[in-house]
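Asker: Shown below is the structure under consideration.
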Amino acid sequence: MLKENYDGYRFCQVDFGLYNPYSLLQAFSSLEIDNYWSYSGAPKFLVQLIREKGWYLDDIDNSCLPKDYLSLPDTAINDPLPLMFQTGYLTIKGYDSDMQEFYWHIQIKR
Numbered sequence: 108m109l110k111e112n113y114d115g116y117r118f119c120q121v122d123f124g125l126y127n128p129y130s131l132l133q134a135f136s137s138l139e140i141d142n143y144w145s146y147s148g149a150p151k152f153l154v155q156l157i158r159e160k161g162w163y164l165d166d167i168d169n170s171c172l173p174k175d176y177l178s179l180p181d182t183a184i185n186d187p188l189p190l191m192f193q194t195g196y197l198t199i200k201g202y203d204s205d206m207q208e209f210y211w212h213i214q215i216k217r
């Protein structure tokens, strides 16, 4: 149950997932599995940016982006995806080496 709920944060093309430390510690403390990360509060600026762009989380989930997308410094200003990745709400689901694209997964249980 711990792996299913708290493992899966991936930050590079190597298939190596990391457990969410905040949620894991909360689960050990309370002896319950819950959605602790989203309870900790989403950054208001990120929520506002997603709304301004008219995006829906289902449209973002399982999308793909070029490998270098997150390294572009100007994208984080007007694009929710790099911010979601940096704040832990978006993680790499897979990597297509032929296309050099990452596939994404949203880490928020809805």
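Start counting at 1 in the sequence shown, then tack on 107, and there's your number in this note's numbering. Built from N, CA and C at the ideal position, the CB exists for glycine as well. Note that the structure is a prediction, hence the values are computed from the model and not measured.
Determine the burial state of PHE152: buried for a count of at least 16 other Cβ atoms within 10 Å of its Cβ, exposed for fewer.
Answerer: For this step, residue 152 is matched to residue 45 along the sequence shown. The residue in question, PHE152, is exposed, as its Cβ has fewer than 16 Cβ neighbours within 10 Å.
Asker: Report yes if the CB atom of TYR116 is closer than 8 Å to the CB atom of THR198, and no otherwise.
Answerer: The residue labelled residue 116 in the question sits at position 9 within the sequence shown. The residue labelled residue 198 in the question sits at position 91 within the sequence shown. A contact, by the Cβ cut-off of 8 Å.
Asker: Under DSSP, the beta strand (DSSP E) around TYR163 begins and ends at which residues?
Answerer: Walking along the sequence shown from the start, residue 163 turns up at place 56. Neither: TYR163 is in no beta strand (DSSP E) and is coded neither H nor E.
Asker: Return the chain-ordered list of same chain residues with a C-beta closer than 7 Å to the C-beta of LYS160, the five sequence neighbours on each side being excluded.
Answerer: Here the question's residue 160 lines up with position 53 in the sequence shown. PRO187, listed in sequence order.
Asker: Quick test of your reading: TRP144 and GLY195, contact by CB under 8 Å. State the CB separation rounded to the nearest angstrom.
Answerer: Working through the sequence shown from its first residue, we reach residue 144 at position 37. Working through the sequence shown from its first residue, we reach residue 195 at position 88. Right, their Cβ atoms sit about 7 Å apart.
Asker: Give the secondary structure of LEU125 by DSSP, where H, G and I count as helix, E and B as strand, and everything else as coil.
Answerer: Taking the first residue of the sequence shown as 1, we reach residue 125 at position 18. Of the three classes helix, strand and coil, the one that applies to LEU125 here is strand, per DSSP.
Asker: Mind checking whether LEU164 and GLU208 have CB atoms under 8 Å apart?
Answerer: The residue you call residue 164 lines up with position 57 of the sequence shown. The residue you call residue 208 lines up with position 101 of the sequence shown. Taking 8 Å as the Cβ cut-off, LEU164 and GLU208 do not qualify as a contacting pair.
Asker: Going by the CB atoms, is the gap between MET108 and ILE140 shorter than 8 Å?
Answerer: Within the sequence shown, numbered from 1, the residue matching residue 140 stands at position 33. Within the sequence shown, numbered from 1, the residue matching residue 108 stands at position 1. Their beta carbons are under 8 Å apart, which means ILE140 touches MET108 by this criterion.
Asker: Just to confirm before moving on: does the CB-CB distance between TRP211 and ASP166 stay below 8 Å?
Answerer: The residue given as residue 211 occupies position 104 in the sequence shown. The residue given as residue 166 occupies position 59 in the sequence shown. It is not a contact, given that the beta carbons lie outside the stated cut-off.
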